[in-house]
Structures are given as C-alpha cells and as structure tokens.
Amino acid sequence: MTHAKETDLALFASGDASLWQRLRLRMHLGRCAQCREVAAAYQADREGLKQEASRMPPGVDWEHLAAEMTANIRVGLEAGECVAPRRRKRAALATTFRIRRMPIQLSFGWAAAAAAVGVTLLIGAALWLNFPSSDKQILGKAMSQLFHGRGITDSEDSGPVVEASDNGIMLRGNGGALKISQGALRPVAVSVSAQGSASASYVDADTGQMTITSVYVQ
Amino acid sequence: MCSKLYLFVFTAAAAAAQTPNGHIDIPKDAPVSMVSVDWSGSRATPRGGAYLVDVHASLTLLNSSQKHVRGVTLEVLAQEVTPGGKGAVKVPSLDVAPRDVFSVRIDETLLRPLGGGDAAPVVEVRLDGILFDDLSFYGPDKLNSQREMTVWEMQARRDRKYFKTLLESAGRDALQNAMLASLNRQAEAPRPGVQVVRGRATNADPEHEVQFAFLRVAEAPVEPAAGMARVTANEAWAPRFEVRNVSKRPVRHVEIGWIVKDQSGNQFLAASLPADLNLAPGQGARVFPDAAIRFPDRVSIQAMSGFVSSVQFGDGSYWIPSRGAMEESELRGLASPSPEEQRLLQIYRKKGMDALIQELKKF
Numbered sequence: 003m004t005h006a007k008e009t010d011l012a013l014f015a016s017g018d019a020s021l022w023q024r025l026r027l028r029m030h031l032g033r034c035a036q037c038r039e040v041a042a043a044y045q046a047d048r049e050g051l052k053q054e055a056s057r058m059p060p061g062v063d064w065e066h067l068a069a070e071m072t073a074n075i076r077v078g079l080e081a082g083e084c085v086a087p088r089r090r091k092r093a094a095l096a097t098t099f100r101i102r103r104m105p106i107q108l109s110f111g112w113a114a115a116a117a118a119v120g121v122t123l124l125i126g127a128a129l130w131l132n133f134p135s136s137d138k139q140i141l142g143k144a145m146s147q148l149f150h151g152r153g154i155t156d157s158e159d160s161g162p163v164v165e166a167s168d169n170g171i172m173l174r175g176n177g178g179a180l181k182i183s184q185g186a187l188r189p190v191a192v193s194v195s196a197q198g199s200a201s202a203s204y205v206d207a208d209t210g211q212m213t214i215t216s217v218y219v220q
Numbered sequence: 005m006c007s008k009l010y011l012f013v014f015t016a017a018a019a020a021a022q023t024p025n026g027h028i029d030i031p032k033d034a035p036v037s038m039v040s041v042d043w044s045g046s047r048a049t050p051r052g053g054a055y056l057v058d059v060h061a062s063l064t065l066l067n068s069s070q071k072h073v074r075g076v077t078l079e080v081l082a083q084e085v086t087p088g089g090k091g092a093v094k095v096p097s098l099d100v101a102p103r104d105v106f107s108v109r110i111d112e113t114l115l116r117p118l119g120g121g122d123a124a125p126v127v128e129v130r131l132d133g134i135l136f137d138d139l140s141f142y143g144p145d146k147l148n149s150q151r152e153m154t155v156w157e158m159q160a161r162r163d164r165k166y167f168k169t170l171l172e173s174a175g176r177d178a179l180q181n182a183m184l185a186s187l188n189r190q191a192e193a194p195r196p197g198v199q200v201v202r203g204r205a206t207n208a209d210p211e212h213e214v215q216f217a218f219l220r221v222a223e224a225p226v227e228p229a230a231g232m233a234r235v236t237a238n239e240a241w242a243p244r245f246e247v248r249n250v251s252k253r254p255v256r257h258v259e260i261g262w263i264v265k266d267q268s269g270n271q272f273l274a275a276s277l278p279a280d281l282n283l284a285p286g287q288g289a290r291v292f293p294d295a296a297i298r299f300p301d302r303v304s305i306q307a308m309s310g311f312v313s314s315v316q317f318g319d320g321s322y323w324i325p326s327r328g329a330m331e332e333s334e335l336r337g338l339a340s341p342s343p344e345e346q347r348l349l350q351i352y353r354k355k356g357m358d359a360l361i362q363e364l365k366k367f
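So the protein lines, in turn, are chains A and B. Numbers 3 to 220, taken from my numbering, label the letters of the first sequence in order. Numbers 5 to 367, taken from my numbering, label the letters of the second sequence in order.
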C-alpha cells in the first residue's frame, strides 16, 4: 500500500489541509494503521505545544520585557546603520530590483495650467496664514536661502567655530579644520561649552575604556 | 591606457604623501612615563586645494607613581594646521594601579589649505594632567583638566555607589531595569547637533530676548536668579544671568546647564555655561559668557531653562547634584549621564549583566 506523505499528514493533523486533501486522507487513514499513527502523533504534539504555550512563566514583568525589547531594537538599528548606510542600501535595492523612475507625460491646456497655479497660490496662502510663527521663520529662512543659492546649513562666521553632532566634534576656522575621534567608533555622547569647546565621548567595546576627545577655540 | 593613468595618479599621490612629525612631551618627573608609541598609519596628503593630515597614535603609559591613576588628559597641538585652536584626549574612569600600564589612542584629522608651507606638519602631544584616586592632581592644567576630571571622578563615585546599592538592596533585576531605563532615556534624547562661536554669529533673522526658567536643584550651593539670551529662530547668543551663593563657603566656579526647548516641545541640553567667580557667602554676581550657540535650521528655539550642574568652592572642593536631587528636579532625562554611567551602560550593552556586576565589584 502507498502511504501518505508526512507533510500532508502534518497538514491534516493541524487542520490546514484543503477540503479535497482532507477527504482523500480520511479515506486512506481508515484503512492504513501506520499513517493513522503518524497523524495521531502530529495531533498529540500539537496539543502538547498548545498546553505549553498557554502556561505562562510565573512573575513575567511585561514592562521590563517591553523596555528590553525597545533597547534591543535600538541596538539592532544602530548596528544596522553601522553596517550599511541608508543611501547605499537604497542604491543596492534599486540595483537589485531594477527600480526605474517612469516618465510621466501630461499635457495641460492653458486654462488648466492657470487653474492649477491659482489653486496652488490659494493653498499656499492658507497654509502660510495657519502656520505657527516659529515654523514660518524656518520656512522663510529656508526659502530665502534657496533663492540666494546657498545651502540651508551655510554659516557666515568669520572666526573659528566648534561643532558637535552624532558624528563627533570639529573645530573649523582659518580655512582649516581639526577633528579628533577614536577611529571607527561612534560617540555615545557629545556636548559643547559656551567657553568655546566641544567634546565627544567614546567607549571601547572590548576594553570598556572611556575616552573623551575635545576641541577648543583659543 | 586608462589603468596606466590611474597607476600614475596613484603613484603621484603616494609620492606626495608625507608622514607627519609626531612629538610626545611627557616631563621626566611626571608620575606616568611612556613605554611605547605607535604612529603607524599617520600621513599627510594633498587633497584638492587642501592638505589632509591623518594622525593615528597609540601610546602606552606606565603608572610610575605610588597611587592609583583615575584620569589622564593629553593636549594635542598642531599649531601650523589649526591656528586658533587645539584638541585634547581625556581618559576618565580609569583604575590603574602603581606599575601598571594603560593605553591612550589618538585619532586626529586635520585639514589645512595648501600654501601653508610644504613641510610635513608637526603634531605635538603634551601631558596636561593626571588625577589620582585621592583626588590629587599633577600637570600644567592648561585646559582646566583638573576641574573637569575631578567632577567626572565625583560623578563616577556617585553613580557607582548608586548602582552598587541598587544591586545589593533590590537585586539584579532592579539593576537591569535601571540600565534599560537609562539606555532608553539616552536613545530618546534629541541630539540635533550644535555649533559654538565666540561672540555673535552672523544672522539676519529677526531677534528677540528669551528669559531663562531655572530648575531648582536641591542642596545646590548656588542659586541662579534672572537670566536671558538673545534668540533668533535657531541661534541664541549673549546669555547673561545672575547667581547667588546661598552656602556658607566662598565659591570660585559655577557651571550652568543650558536647556533649550524647540518648536516640537523637545527639550535637550544645549551647552554648559562655565563661569569663574569669586562669591563670598550670600553674595550675588552677574555672568556674561561671550558665546553664541547655533542649531541646525530645522530647530526653532522656543524656550530656555538652566540648572546648576557643578560648583567649585574657594578651598578647591566641589559640589555636584546627588542622584536623588536630579530625580526630584527632573534633570535625569535632561542632563547627560556621567562618563562612568555611559561606560557602565556600554559594558551592559556589549557584555551583559554578569560583566556589569563584575565591573561594579572591582572598586
């Protein structure tokens, strides 16, 4: 006698087999003791797992678990950032899936174009009037810088500048720059002092040694 | 043909590269001595219209004193590359026993415009200070490293004691929860990046004055009173504030933490405002640091607050806020964790609870 496939028996035991498969297997199991035994074993395993899952370990601290998971996700994200910067990832994905920008051809009549401009102006004015004043300042500044052909982060300082960011610290001035880091390590914290200094803290994962680098405006 | 051209370009670039001259200056009578220094990988290369200098130095130092070393500061100078500035590498939270060795790594990138001379730049590393376990100090202290390292050491003792007590009184799970909470606080803290310029930065935006709201820290020997700064959208400058010595001892130095609230309601520690003073008990003074801080354009400063983060008394002793005082004044989420807490967090993250507990038991 030909026996049923183990995968089919597993699907039958879990109730995931299709209607036709169920009918066919039920007929077969009625006359095959060996397959009946296998299906029964799968069913018993399934019941056992169900019971195990329904029993919760005592003293589960859900808040602790949630905090741990959040921290672990962040650690994972940070590690991911180190391994593959986003731009590279996107470029790799685009190459893999051959993503191309499809050209869109639209033709408007003059009337439609004028209507579109009118609607845009109306929406723009409404948004501007409803913007919080702080956001208005930022937007105005960005627009002004765009019109003047400058990058948003351009600065016009004549003297030396110290800066701190997630990438570390830097002193710029007199056409030169000075950056002090700890090789490939990323800073765990950065700070600045109004006296004209910036500091970045690094921890060596192997030795646990903390190193703080600083730059100063003299 | 093309590959030959690349080879030529590469060879020319390699030929133009020079090794920067490194010089380590540790006085002969210093309580640490240099065992070895490795400059491998350091080089100076012309790149475009600039000269790029990469300095990689690994120093091995020996504690030749009779005391445990808790911290070291090295001053890094490259005068002809960065006139008007200098750097430093500091190693706090050490525990180096007499006759033990320890290492300090320096990775420095310098950029200077071409035309400043063709000679390989000289990079000088000088000892600025060493802090011992009895809080005594050795060194020229040109960078105020004694004050900085002493405050870090006091914070380290406070935080180690807090975590040890937590472990002993509430157990392993409580310590783990504290670590996770601190990690999450750090991850959630906004870090928009900040620039500091001396004096006033150029900005044509409309400006206005914003008052400081000061956070009261329990048992602080100095109380900040009124304060304000000039503010445009993403820049604040000319901070000025009044402080009063409410202790019974003369005060020599105060450091104020400057907190900024942006348009989204995010609060973050923007900068520290140190001030050298000479305040008798009960006396007040006005402080005018000559500085401006600037954030990225996406940040709009809406409000500012401040708190006393450390005080140095006339006799050279220090005050720092206790963990309890920080919790009470809600500073825990705003002030940066101490270097020691950051170190302990990294040990927990990378090596787990057992390694952290072992570390706490060391001293």
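We put the CB at the ideal spot given by N, CA and C, even for glycine.
(request) Would you mind telling me which residues of chain A sit closer than 8 Å to P96(B), beta carbon to beta carbon, in chain order? (result) Correct list: M212 and I214.
(request) Verify the CB distance criterion: does A34(B) have a CB-CB separation below 8 Å to chain A? (result) So, not an interface residue.
(message) Please list, in chain order, the chain B residues whose beta carbon lies closer than 8 Å to that of E165(A).
(response) Annotation: Cβ neighbours of E165(A) in chain B (cutoff 8 Å, chain order): G197, V198, Q199 and V200.
(request) Tell me where the beta strand (DSSP E) around I171(A) begins and ends. (result) Membership of I171(A) in the beta strand (DSSP E) is indicated by the continuous run G170 to G175.
(request) Check each residue of the segment 182-197 of chain A: if its Cβ is closer than 8 Å to any Cβ of chain B, include it; give the result in chain order. (result) Answer in chain order: I182, S183, Q184, G185, V190, A191, V192, S193, V194, S195, A196 and Q197.
(request) Output yes if chain A places a C-beta closer than 8 Å to the C-beta of L277(B); else output no. (result) Under the 8 Å criterion on CB atoms, L277(B) is classed as interfacial with respect to chain A.
(message) Given this structure, state the Cα-to-Cα distance separating E345(B) from A160(B), to the nearest angstrom.
(response) Going by the C-alpha atoms only, they are around 7 Å apart.
(message) So within the segment 165-234 of chain B, which uninterrupted alpha helix (DSSP H) runs reach at least 4 residues, ignoring any that extend past its ends?
(response) Those alpha helix (DSSP H) runs which fall completely within the segment 165-234 of chain B and span 4+ residues are 176-192.
(message) Is there a Cβ of chain A sitting closer than 8 Å to that of L114(B), yes or no?
(response) Closer than 8 Å: yes.
(request) Tell me whether G71(A) is buried or exposed, calling it buried when 16 or more other Cβ atoms sit within 10 Å of its Cβ. (result) One detail in the question is off: residue 71(A) reads as Met in this sequence, not Gly. Its Cβ having fewer than 16 others within 10 Å, M71(A) is exposed.
(message) If I measure Cβ to Cβ from I106(A) and keep anything under 7 Å in the same chain, skipping five residues before and after, which residues do I get?
(response) In this prediction, I106(A) has a pLDDT of 36, which is less than 50 and means its spatial position is unreliable; what the coordinates show is noted afterwards. Setting aside the 5 residues that flank it on each side, I106(A) has no residue in the same chain whose C-beta is closer than 7 Å to its C-beta.
(message) Quick check on the burial criterion: 16 or more other C-beta atoms within 10 angstroms. Buried or exposed for S304(B)?
(response) When all chains shown are included, S304(B) counts as buried.
(request) Identify whether T155(A) lies in helix, strand or coil by the three-state DSSP scheme. (result) Per-residue confidence for T155(A) stands at a pLDDT of 43, beneath the threshold of 50, marking its modelled position as unreliable; the derived number appears in the next sentence. T155(A) falls in the coil class under three-state DSSP.
(message) Any beta carbon from chain B within less than 8 Å of A202(A)'s own beta carbon?
(response) No, no contact with chain B.
(message) Just to confirm my understanding: we take T213(A), look at its own chain, exclude 5 residues before and 5 after, and list those with CB closer than 6 Å. What are they?
(response) Here the set comprises Q184 and Y204.
(request) Give me the Cβ distance between A207(A) and Q362(B), rounded to the nearest whole Å; I'm assuming they're in contact under 8 Å. (result) Going by Cβ atoms, the distance from A207(A) to Q362(B) rounds to 16 Å, so no, they are not a contact pair.
(request) Grab the span of the alpha helix (DSSP H) containing R26(A) for me, first residue to last. (result) Segment L21 to R33, the alpha helix (DSSP H) holding R26(A).
(request) Give the residues from the segment 319-341 of chain B that approach chain A closer than 7 Å (Cβ to any Cβ), ordered along the chain. (result) Listed in sequence order: S340.
(request) Have a look at N270(B), E152(B), L78(B) and K90(B) and flag the residue whose alpha-carbon is nearest the alpha-carbon of S276(B). (result) That would be E152(B), whose Cα lies nearest to the Cα of S276(B).
(request) Name, going along the chain, the residues of the segment 233-249 of chain B whose beta-carbon falls closer than 9 Å to a beta-carbon of chain A. (result) Residues passing the 9 Å Cβ filter: T236, A237, N238 and P243.
(request) Just the C-alpha distance for G53(B) and N176(A), rounded to the nearest angstrom, thanks. (result) C-alpha separation (whole angstroms): 14 Å.
(message) As a quick exercise: from S37(B), P31(B), W43(B) and D99(B), pick the residue whose alpha carbon is nearest that of T23(B).
(response) Closest in C-alpha terms to T23(B), from the list S37(B), P31(B), W43(B) and D99(B), comes W43(B).
(message) Quick check on the burial criterion: 16 or more other C-beta atoms within 10 angstroms. Buried or exposed for T64(B)?
(response) Per the 10 Å Cβ criterion, exposed.
(message) Between the segment 313-324 of chain B and the segment 154-173 of chain B, can you find at least three pairs of beta-carbon atoms closer than 8 Å?
(response) In short, these stretches touch, since the Cβ pair count reaches three.
(message) Any beta carbon of chain B sitting closer than 8 Å to that of A115(A)?
(response) No, A115(A) does not count as interfacial toward chain B.
(message) Would the segment 292-310 of chain B count as touching the segment 241-251 of chain B if we require 3 or more Cβ pairs under 8 Å?
(response) Result yes; three or more Cβ-Cβ pairs closer than 8 Å.
(request) Find the residues of chain A that neighbour K252(B), judging by a C-beta separation of less than 9 Å, and give them in chain order. (result) Neighbours of K252(B) on chain A: none; closest Cβ ~28 Å, over 9 Å.
(message) Less than 8 Å between the C-beta atoms of V368(B) and V315(B), yes or no?
(response) With chain B covering 5 to 367 only, the question about residue 368(B) has no answer from this structure.
(message) For R103(A), count the other beta carbons within 10 Å of its own beta carbon; 16 or more makes it buried, fewer makes it exposed. Which is it?
(response) Caution applies to R103(A), whose pLDDT of 41 falls short of 50 and renders its modelled position unreliable; the value that the coordinates give is listed next. With fewer than 16 Cβ atoms within 10 Å of its Cβ, R103(A) is classed as exposed.
(request) Just tell me which of A202(A), D10(A) and A116(A) has its CA closest to the CA of I182(A). (result) Checked all of A202(A), D10(A) and A116(A); the closest Cα to I182(A) is A202(A).
(request) Let me know the secondary structure DSSP gives I361(B) once reduced to three states. (result) I361(B) falls in the helix class under three-state DSSP.
(message) In this structure, how does DSSP classify E79(B) when only helix, strand and coil are distinguished?
(response) In this structure, E79(B) counts as strand in the three-state DSSP scheme.
(request) Taking only the alpha-carbon atoms, compute the straight-line gap between A6(A) and L51(A) and give it to the nearest angstrom. (result) A direct Cα-to-Cα measurement between A6(A) and L51(A) gives close to 24 Å.
(request) Tell me where the alpha helix (DSSP H) around G328(B) begins and ends. (result) Per DSSP, G328(B) belongs to the alpha helix (DSSP H) from R327 to E332.
(message) For a cutoff of 8 Å on Cβ pairs, would you count I28(B) as touching chain A?
(response) Proximity of I28(B) to chain A, defined by a Cβ-Cβ separation below 8 Å, is not satisfied.
(message) Along the segment 341-363 of chain B, where does the CB come closer than 9 Å to a CB of chain A? Name the residues.
(response) Within the segment 341-363 of chain B, the residues whose Cβ lies closer than 9 Å to some Cβ of chain A are P341, P343, E344, Q346, R347, L348, L349, Q350, I351, R353, K354, K355, A359 and E363, listed in chain order.
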